[in-house]
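Enquirer:
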Amino acid sequence: MNHQNFMNAVDHTISTGVKKGILHLIQNGNLTTDNKIRINNSELFNFTSCSYLGLEHDNRLKRAAIAAIDQYGAQFSESRAYVSIGLYQELEDLMSEIFDAPTLIAPTTTLGHLAAIPVLLDSGDAVIADQQLHNSVLSGINVFRANWPIHFEVLRHNRVDLLEKRIEELQTEYDRVWYFADGVYSMFGDRCPADEIFNFLDRFPLFHAYIDDAHSMSIMGKNGKGFIIGNRPIHDKMVVASSMAKAFATGGGILVFPNKELARKVRTCGAPFNSSGPLQPASLGAAVASAKIHLTDEIYSLQAELAERIQYANSLFRQTSLPVISNFDSGIFFIGTSRAELAYEIMARMMKRGFLLNIGVFPAVSKNHSGIRFTITVLQTFEQIKSLVSTLNEEFMIALKQNKFSLEQINNAFRVVASLDNRPAGIFLSKTK
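Mapping of the sequence shown onto our numbering: position 401 corresponds to residue 1455, and the numbering continues sequentially without gaps.
1. According to the neighbour-count rule (16 or more other Cβ atoms, all chains shown, within 10 Å of its Cβ), is HIS1066 buried or exposed?
2. Helix, strand or coil for MET1298 per DSSP?
3. Are the beta-carbon atoms of THR1070 and TYR1398 separated by less than 8 Å?
4. Please specify which runs of the beta strand (DSSP E), each continuous and at least 3 residues long, are wholly inside the region 1364-1415, giving them in chain order.
5. Beta strand (DSSP E) containing PHE1206: first to last residue?
6. Assign ALA1358 to one of two classes, buried (16 or more other C-beta atoms within 10 Å of its C-beta) or exposed (fewer than that).
7. Taking a contact to mean a Cβ-Cβ separation below 8 Å, would you say ALA1170 touches ILE1288 in this structure?
8. Could you pull the start and end residues of the alpha helix (DSSP H) that LYS1346 belongs to?
9. What are the boundary residues of the beta strand (DSSP E) that PHE1234 is part of?
10. Using DSSP with H/G/I as helix, E/B as strand and the rest coil, what is LYS1279?
11. Going by C-alpha to C-alpha distance, which of GLN1438, LEU1446, LEU1411 sits closest to MET1241?
12. Considering just the uninterrupted stretch of the beta strand (DSSP E) at SER1096, what are its terminal residues?
13. Which residue comes first and which comes last in the alpha helix (DSSP H) that contains ASP1147?
14. Would you call the region 1287-1301 and the region 1265-1272 touching, i.e. three or more CB-CB distances under 8 Å?
15. DSSP on GLY1306, reduced to helix/strand/coil?
16. Return the first residue and the last residue of the beta strand (DSSP E) that GLY1071 is part of.
17. Just to confirm the assignment, what range does the alpha helix (DSSP H) spanning LYS1314 have?
18. Look at the alpha carbon of ASN1095 and the alpha carbon of THR1374, and state the distance between them as a whole number of angstroms.
19. For PHE1099 and SER1441, I'd like the C-alpha separation in whole angstroms.
20. Between the Cα of LEU1260 and those of TRP1232, LYS1279, ILE1182, GLN1456, spot the shortest distance and give me the residue it belongs to.
21. For the alpha helix (DSSP H) containing GLY1166, list its first residue and its last residue.
22. Roughly how many whole angstroms lie between the Cα atoms of LEU1474 and SER1330?
23. When you compare only the Cα positions, how much space is there between GLU1362 and ARG1427?
24. Can you tell me the Cβ-Cβ gap for MET1401 and ILE1413, rounded? I've got them flagged as a contact below 8 Å.
25. Let me confirm a value: LEU1216 is counted as buried when at least 16 other C-beta atoms fall within 10 Å, else exposed. Which label applies?
26. So, with DSSP's three-state summary, where would you put SER1177?
27. So the candidates are LEU1165, PHE1198, ILE1091, ASP1249; which of them puts its Cα closest to the Cα of VAL1181?
28. Looking at C-beta atoms only, is the number of pairs between the region 1325-1341 and the region 1246-1256 that lie closer than 8 Å three or more?
29. I believe PHE1252 touches ASP1184 by the beta-carbon criterion, under 8 Å. Please report the beta-carbon distance rounded to the nearest angstrom.
30. Thinking C-beta only, is PHE1130 closer than 8 Å to ILE1139?
31. Would you check if there are 3 or more beta carbon pairs closer than 8 Å linking the region 1446-1462 to the region 1105-1122?
32. Using CA coordinates, which residue listed in LEU1085, LYS1279, GLN1081 is at the minimum distance from ALA1345?
33. Identify, in the order they occur along the chain, each residue of the same chain with its Cβ nearer than 8 Å to the Cβ of SER1380, setting aside the five sequence neighbours on each side.
34. So, using beta-carbon positions, are ASN1277 and HIS1348 closer together than 8 Å?
35. By how many angstroms is the C-alpha of ASN1082 removed from the C-alpha of ALA1200?
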């Protein structure tokens, strides 16, 4: 597929969703802690937020944002290459305490990737990207590839056996072998094989890893530092990127380094640090307040509150025949439909029933791996979660019957196996290229 054909395919997919009234939606009115969102004059229960801990409504964050505006104005319009307001230094010091490693703050996680990756890579390296690697990370890799020749390949999702084989082969030809992956994958909510990655880092001197752990920030690990290094130190051949735009609830990206010298070099040479605008004072003020919460035991209470809701949702899904394509513990749930048309229809049905969910379609997933994606947050009540599962099960089965499509066809598309309790759904395994 050439570039324009690819763009036309993306345009068709998204435009179809827009025409059906399920994409490019606009929220009306105020957002409060009751988990309700108003779309097109309809009030819906919101199951689309990635702010898993509901901290965006915390008064400490709100007051800190207002205080920062009072002190610095709505914007401090200078590149960080020249001047940063004091909140930047305070936030990076707090983040370094959270992660117990040197950190840099970027305006977004995407800009963090664009800053770090071209500095980290060299033309003598080989790059292996997981098949489901987030597009923002690929953008950083592609910036380097556009200017310097480098070996690049895509590996089938989470295939540790293939990764080990490729490391063994590539290390004989290249200076370093980099593996790029997500800590928690944004569509299906499954995790990268962290233990195996650390094992390979120890075993293979030329192996390095770059992990985007945005979706597990705050909800997992000591001080909420996420999945990949939540309960262990960062490896000296690893860089971790994370996000303050999800459960951290303020906006901005985080880069975590194994040493101060590497952080200094990325800060000095990473193009977005020299040419992009900074985070606004309000975001920085709120982020400082959120970081201080993360350094108290309160973060563990919030993590437990979220985990209780995720476990409850999981227990309810076990009582259905819905093809849940997920690992059940990340806050991200994905119900496979295989066909995009079926995902569009179920999404529209759920909106009519009072629930806002997401669809997962091309290019976010491959064309035969479409589905319904939604998230669990602490703002949702147990009754809302119960009603969601019941309604989704009902509407899903009606749509399946009317479209003459079967659970078996969906399971085959996703290579789903029966779970231990012999329910017809299971866990996501792998996809072919």
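For each residue, glycine too, the CB sits at the ideal point set by N, CA and C.
Expert: In this structure, then:
1. On the sequence shown, residue 1066 is found 12 positions in, with the first residue counted as 1. By the 16-neighbour rule on beta-carbons within 10 angstroms, HIS1066 is exposed.
2. Counting from 1 along the sequence shown, the entry for residue 1298 is found at position 244. Taken through DSSP and simplified to helix, strand or coil, MET1298 comes out as coil.
3. To locate residue 1070, count along the sequence shown from 1; it is residue 16. To locate residue 1398, count along the sequence shown from 1; it is residue 344. Taking 8 Å as the cut-off, the Cβ atoms of THR1070 and TYR1398 count as close.
4. Qualifying beta strand (DSSP E) stretches, in chain order: 1386-1392, 1412-1414.
5. Locating residue 1206 in the sequence shown gives position 152, where the first residue counts as 1. Residues 1205-1209.
6. Locating residue 1358 in the sequence shown gives position 304, counting from the first residue. Burial call: exposed.
7. What you label residue 1170 is simply residue 116 of the sequence shown in a count that begins at 1. What you label residue 1288 is simply residue 234 of the sequence shown in a count that begins at 1. Taking C-beta atoms as the reference points, ALA1170 and ILE1288 fail to come closer than 8 Å.
8. Position 292 of the sequence shown, counted from the start, is the residue given in the question as residue 1346. From DSSP, the alpha helix (DSSP H) with LYS1346 extends over 1335-1348.
9. By one-based count along the sequence shown, residue 1234 stands at place 180. Secondary structure note for PHE1234: its beta strand (DSSP E) is the uninterrupted segment 1230-1236.
10. Start at 1 with the first residue of the sequence shown, and residue 1279 comes out as number 225. In the structure shown, LYS1279 falls within a coil segment according to DSSP collapsed to helix, strand and coil.
11. By one-based count along the sequence shown, residue 1241 stands at place 187. Across the set GLN1438, LEU1446, LEU1411, the C-alpha of LEU1411 shows the shortest separation from the C-alpha of MET1241.
12. The residue you call residue 1096 lines up with position 42 of the sequence shown. Counting along the chain, SER1096 sits inside the beta strand (DSSP E) bounded by residues 1096-1100.
13. Along the sequence shown, one-based indexing puts residue 1147 at 93. The continuous alpha helix (DSSP H) containing ASP1147 extends over residues 1140-1153.
14. Touching, per the Cβ criterion.
15. Counting from 1 along the sequence shown, the entry for residue 1306 is found at position 252. In this structure, DSSP gives GLY1306 a state outside helix and strand, which the three-state scheme calls coil.
16. For the purposes of this step, residue 1071 is identified with residue 17 of the sequence shown, where counting begins at 1. Annotation: GLY1071 is outside any beta strand (DSSP E); the continuous alpha helix (DSSP H) that includes it extends over 1057-1073.
17. Here residue 1314 refers to the residue found at position 260 of the sequence shown. In the DSSP assignment, LYS1314 falls within the alpha helix (DSSP H) that extends over 1314-1323.
18. Translated into positions along the sequence shown, residue 1095 becomes position 41. Translated into positions along the sequence shown, residue 1374 becomes position 320. If I take the Cα positions, the gap works out to 31 Å.
19. To locate residue 1099, count along the sequence shown from 1; it is residue 45. To locate residue 1441, count along the sequence shown from 1; it is residue 387. Taking C-alpha positions only, PHE1099 is separated from SER1441 by approximately 10 Å.
20. Here residue 1260 is taken as the residue at index 206 of the sequence shown, counted from 1. Ranking the options by Cα distance to LEU1260, first place goes to TRP1232.
21. If you number the sequence shown from 1, residue 1166 lands on position 112. Boundaries of the alpha helix (DSSP H) around GLY1166: 1163-1174.
22. The residue you call residue 1474 lines up with position 420 of the sequence shown. The residue you call residue 1330 lines up with position 276 of the sequence shown. Its pLDDT being 28, under 50, LEU1474 is placed unreliably in this model, and the coordinates cannot settle the point.
23. As a position in the sequence shown, residue 1362 is number 308, starting the count at 1. As a position in the sequence shown, residue 1427 is number 373, starting the count at 1. For GLU1362 and ARG1427, the distance between alpha carbons rounds to 20 Å.
24. Translated into positions along the sequence shown, residue 1401 becomes position 347. Translated into positions along the sequence shown, residue 1413 becomes position 359. At roughly 5 Å, the Cβ-Cβ gap stays under 8 Å, so MET1401 and ILE1413 are in contact.
25. Locating residue 1216 in the sequence shown gives position 162, counting from the first residue. LEU1216 is exposed by the Cβ-count criterion.
26. Locating residue 1177 in the sequence shown gives position 123, where the first residue counts as 1. Three-state DSSP puts SER1177 in coil, outside helix and strand.
27. In the sequence shown, counting from the first residue as 1, residue 1181 sits at position 127. Each of LEU1165, PHE1198, ILE1091, ASP1249 was checked against the Cα of VAL1181, and the nearest Cα belongs to PHE1198.
28. As far as the Cβ criterion goes, the region 1325-1341 does not touch the region 1246-1256, which means the pair count is below three.
29. Reading the sequence shown from its first residue, position 198 is the one you call residue 1252. Reading the sequence shown from its first residue, position 130 is the one you call residue 1184. Contact check for PHE1252 and ASP1184: beta-carbon distance about 16 Å, past the 8 Å limit, so the pair fails to qualify.
30. Within the sequence shown, the letter at position 85 stands for residue 1139. Within the sequence shown, the letter at position 76 stands for residue 1130. ILE1139 is a Cβ neighbour of PHE1130, given a cutoff of 8 Å.
31. Contact between the region 1446-1462 and the region 1105-1122 is absent, because fewer than three Cβ pairs lie under 8 Å.
32. For the purposes of this step, residue 1345 is identified with residue 291 of the sequence shown, where counting begins at 1. When only C-alpha atoms are compared, the closest one is LYS1279.
33. Here residue 1380 refers to the residue found at position 326 of the sequence shown. If we look at SER1380 and ignore the five residues flanking it on each side, its Cβ neighbours are PHE1242, GLY1243, ASP1244, ILE1386, PHE1387, PHE1388, ILE1481, PHE1482.
34. Residue mapping note: residue 1277 aligns to position 223 of the sequence shown, counting from 1. Residue mapping note: residue 1348 aligns to position 294 of the sequence shown, counting from 1. Yes.
35. As a first step, residue 1200 is located in the sequence shown; it is residue number 146 there, counting from the start. As a first step, residue 1082 is located in the sequence shown; it is residue number 28 there, counting from the start. Spanning the two alpha carbons is a distance of roughly 41 Å.
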